[in-house]
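Participant: Residue numbers (the working numbering): -14 to 376.
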């Protein structure tokens, strides 16, 4: 069995240079008991071509896929495996999905008994003890908030409510509504005590929401469960927005005719146009990496001829502008998830500057040329073996 992939130590070395070694060791104590098997699981187990993730030509590959999925975190989580490669892969996949279900019970703000719901009700009154999972989630969110100059913020839910995106009824708010919402936004209002693993909120009305990082965190933990079971080749995703791929999809060399990318080097992902999902703009080959994309393709509205995204800049209170989508590739799905949101919020110039300072973070930016309106693609910190646009 391979050693556990320590995504948290990776974060220490690649994204959190100021964290001490003692803190790094603390992050290794991820609760092994949280991955538990369910013999009466209702997961769907069926062969699939995987064509919604990859191009149709992959039907030609020599190894059929096994799909195990479950509805979790308001989307479908799915594990794709090479059928027959590992005898215990099916059981391990079910346990991986159990891990996600366990995390959903802690993180969902729609469940009154979840840890985040408890924090939102009580942490402004007194420090609240939390599990290792919740503490790590909040610690990572704080670090990414700091390193993105506030472009990512777990407390920005009030802004989505002000703009109507939380209710799926978007509208243009007045300036006063935005001002009031901004008063209760800020990760600086969240205090974490590592000594007794408690969380405090120092301003009444500040609310935590795991959107933008929780799904990626769950993908990381589920992937770790599969690796611990000895399953080295799999693709796992949460709602197709947070994806991780380990090992290989195929053992035979097949070249994608659309991009020329070697499909046997890992797991091939079709990168879709952010606004026209029937169009593919490139291919990504994932191998021991994770991917996340943020954009305004699904949730937006037009006001006075201008398109407004559902992704709100927590620093200004206004929808992010400048990019059509931001795709991030990193070893950790949680990091990729949060940074995809942050980089989309930053806009083109700040995103380029951020990537230049963080060589471990691969990024694909899709935007419109300001003069011609032509779709442009900017790629940073990715090799030709990882991403290629359509030829």
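Every residue, glycine too, gets a C-beta built ideally from N, C-alpha and C.
By alpha-carbon positions, which one of 149, 150 and 123 ends up nearest to residue 137?
Facilitator: Mapped onto the chain shown, residue 137 falls at position 152. Ranking 149, 150 and 123 by Cα distance to residue 137 puts 123 first.
Participant: In terms of residues, what are the limits of the beta strand (DSSP E) holding residue 137?
Facilitator: The residue given as residue 137 occupies position 152 in the chain shown. Neither: residue 137 is in no beta strand (DSSP E) and is coded neither H nor E.
Participant: Are the Cβ atoms of residue 215 and residue 71 separated by less than 9 Å?
Facilitator: Position 230 of the chain shown holds residue 215. Position 86 of the chain shown holds residue 71. It is a contact, given that the beta carbons lie within the stated cut-off.
Participant: On the three-pair Cβ rule with 8 Å, is the stretch 129 to 144 touching the stretch 162 to 181?
Facilitator: Short answer: they touch.
Participant: Give the range of the alpha helix (DSSP H) segment to which residue 340 is assigned.
Facilitator: On the chain shown, residue 340 is found 355 positions in, with the first residue counted as 1. From DSSP, the alpha helix (DSSP H) with residue 340 extends over 333 to 342.
Participant: Span of the beta strand (DSSP E) holding residue 67?
Facilitator: Translated into the one-based positions of the chain shown, residue 67 becomes position 82. From DSSP, the beta strand (DSSP E) with residue 67 extends over 60 to 67.
Participant: Helix, strand or coil: which one does DSSP assign to residue 320?
Facilitator: Indexing the chain shown from 1 puts residue 320 at position 335. Note: residue 320 maps to helix in three-state DSSP.
Participant: Please list the terminal residues of the continuous alpha helix (DSSP H) segment that includes residue 89.
Facilitator: Within the chain shown, the letter at position 104 stands for residue 89. Segment 74 to 92, the alpha helix (DSSP H) holding residue 89.
Participant: What are the boundary residues of the alpha helix (DSSP H) that includes residue 107?
Facilitator: Residue 107 sits at position 122 when you count from the first residue of the chain shown. Its alpha helix (DSSP H) spans residues 100 to 107.
Participant: Are residue 206 and residue 84 close, meaning C-beta to C-beta below 9 Å?
Facilitator: Sequence index remark: in the chain shown, residue 206 carries index 221 (1-based). Sequence index remark: in the chain shown, residue 84 carries index 99 (1-based). Contact: yes.
Participant: Label residue 43 either buried or exposed according to how many other C-beta atoms from any shown protein chain fall within 10 Å of its C-beta, with 16 as the threshold for buried.
Facilitator: Working through the chain shown from its first residue, we reach residue 43 at position 58. Because the pLDDT at residue 43 is just 42, under 50, the model does not fix this residue reliably, and the point stays unresolved.
Participant: By the 10 Å Cβ neighbour count, where 16 or more other Cβ atoms means buried, how is residue 369 classified, buried or exposed?
Facilitator: Numbered from 1 along the chain shown, position 384 holds the residue referred to as residue 369. Exposed is the call here.
Participant: Check for me: the beta strand (DSSP E) holding residue 231 runs from which residue to which?
Facilitator: Here residue 231 corresponds to residue number 246 of the chain shown, with the count starting at 1. Residues 227 to 231.
Participant: In the DSSP assignment, the beta strand (DSSP E) including residue 186 goes from what residue to what residue?
Facilitator: For this step, residue 186 is matched to residue 201 along the chain shown. Start and end: 183 to 186.
Participant: Ignoring anything shorter than 3 residues or poking outside the stretch 148 to 221, list the beta strand (DSSP E) runs there in chain order.
Facilitator: Complete beta strand (DSSP E) runs here, min 3: 175 to 178 and 183 to 186.
Participant: Grab the span of the beta strand (DSSP E) containing residue 130 for me, first residue to last.
Facilitator: As a working mapping, residue 130 is identified with position 145 in the chain shown. That residue, residue 130, is in no beta strand (DSSP E); its alpha helix (DSSP H) goes 117 to 132.
Participant: So the beta strand (DSSP E) residue 352 belongs to, where does it begin and stop?
Facilitator: As a position in the chain shown, residue 352 is number 367, starting the count at 1. Looking at the DSSP string, the run of the beta strand (DSSP E) that includes residue 352 is 347 to 353.
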